[in-house]
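Undergrad: For my numbering, add 290 to where a residue sits in the sequence shown, where the first one is 1.
I'd like to ask you about the structure that follows.
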Amino acid sequence: MAFQSQERESAPSFSTAWWGETEFKKSKKWRPSLSLHGNQQRWIEFSGNPVLPDEAHSVKTGTVFDLVLWQENMTSTGVPADLYYHDPNAQYVETALKWRMWNSWRPTNAIGYSVSVDGKNWDQDLKISLGRNDSSGWEDAINRPALKKIATGKYAMWYTGQQPSSGIGGWIGYAESMDGIVFERVRGE
């Protein structure tokens, strides 16, 4: 499914972005891609697509899909922070909005993680946020993350676990994280 410009009846007074997957021309694989919407009332495919992995990293990284994306305030060291973050050991802590992406990372059968300062140029060295768990009997492949930051300040992730040999399509699992990068499974209490 390739992007095409789509006319819209009314345009907002601000620019927005739409994330989807476009076919990577040389490898015929699907990659997260970006289209921008401006004052001209139509979607325009970003000329730098695919954004993750870019062409130089596509062989090393492989296929990524089913992404979750949001923008969050973070310290310069990558710690999530609200707008009024205060470190008692420092007089001033610099924070900035960063884009965060979690995705299904096919070669690792895990949930991948990457960051960007502008939503277009992404860290191409993905990290594993939640890896597969062969011993569970249902998590040979992990994909399709859904995330929410909960009231405790932790990040909650629901994900699909699959065991192709079982004949069942998949199960839903739950994990939590303090930083939104490394998640740990939460077992029933």
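By construction, the Cβ of each residue, glycine as well, lies at the ideal position given by its N, Cα and C atoms.
#1: If you reduce the DSSP assignment to three classes, tell me which class arginine 422 lands in.
#2: Where do the ends of the alpha helix (DSSP H) carrying valine 349 lie?
#3: Classify arginine 477 as helix, strand or coil using the three-state DSSP reduction.
#4: Among all the DSSP beta bridges, which residues are the ones paired with glycine 457?
#5: Answer yes or no: do threonine 450 and glycine 457 have a C-beta to C-beta separation smaller than 8 Å?
#6: If you compare alpha carbons, which of Trp395, Asn411 and Phe355 is closest to phenylalanine 336?
#7: Could you work out which residue in Met447, Ser394, Val472 and Ala371 is closest to alanine 431 when comparing CA atoms only?
#8: Taking just the CA atoms, how far does lysine 444 sit from glycine 421?
#9: Evaluate valine 354 with the Cβ neighbour count: other Cβ atoms within 10 Å of its Cβ, from every protein chain shown; 16 or more gives buried, anything less gives exposed.
#10: Could you name the residues that DSSP lists as bridge partners for lysine 438?
#11: Between the C-alpha atoms of glutamate 362 and glycine 463, what's the straight-line distance to the nearest angstrom?
#12: Exposed or buried, which one is isoleucine 401 when buried takes at least 16 other CB atoms within 10 Å?
TA: Checking against the coordinates, here is how it stands:
#1: Position 132 of the sequence shown, counting from 1, holds the residue named residue 422. DSSP places arginine 422 in coil when its eight states are reduced to three.
#2: Walking along the sequence shown from the start, residue 349 turns up at place 59. In this chain, the alpha helix (DSSP H) harbouring valine 349 covers 348–351.
#3: In the sequence shown, counting from the first residue as 1, residue 477 sits at position 187. It is coil, neither helix nor strand.
#4: Residue mapping note: residue 457 aligns to position 167 of the sequence shown, counting from 1. According to DSSP, glycine 457 bridges with nothing at all.
#5: For this step, residue 450 is matched to residue 160 along the sequence shown. For this step, residue 457 is matched to residue 167 along the sequence shown. No. Outside cutoff.
#6: By one-based count along the sequence shown, residue 336 stands at place 46. Phenylalanine 336 has its Cα closest to that of Asn411, out of Trp395, Asn411 and Phe355.
#7: Walking along the sequence shown from the start, residue 431 turns up at place 141. Of the listed residues, the one whose Cα sits closest to alanine 431 is Ser394.
#8: Here residue 421 corresponds to residue number 131 of the sequence shown, with the count starting at 1. Here residue 444 corresponds to residue number 154 of the sequence shown, with the count starting at 1. Approximately 19 Å, taken between the alpha carbons.
#9: Reading the sequence shown from its first residue, position 64 is the one you call residue 354. Under this definition valine 354 is a buried residue.
#10: Locating residue 438 in the sequence shown gives position 148, counting from the first residue. Ala446.
#11: Here residue 362 corresponds to residue number 72 of the sequence shown, with the count starting at 1. Here residue 463 corresponds to residue number 173 of the sequence shown, with the count starting at 1. Those two C-alpha atoms are separated by around 24 Å.
#12: Walking along the sequence shown from the start, residue 401 turns up at place 111. Counting the other CB atoms within 10 Å of its CB gives isoleucine 401 a total of 16 or more, which places it among the buried residues.
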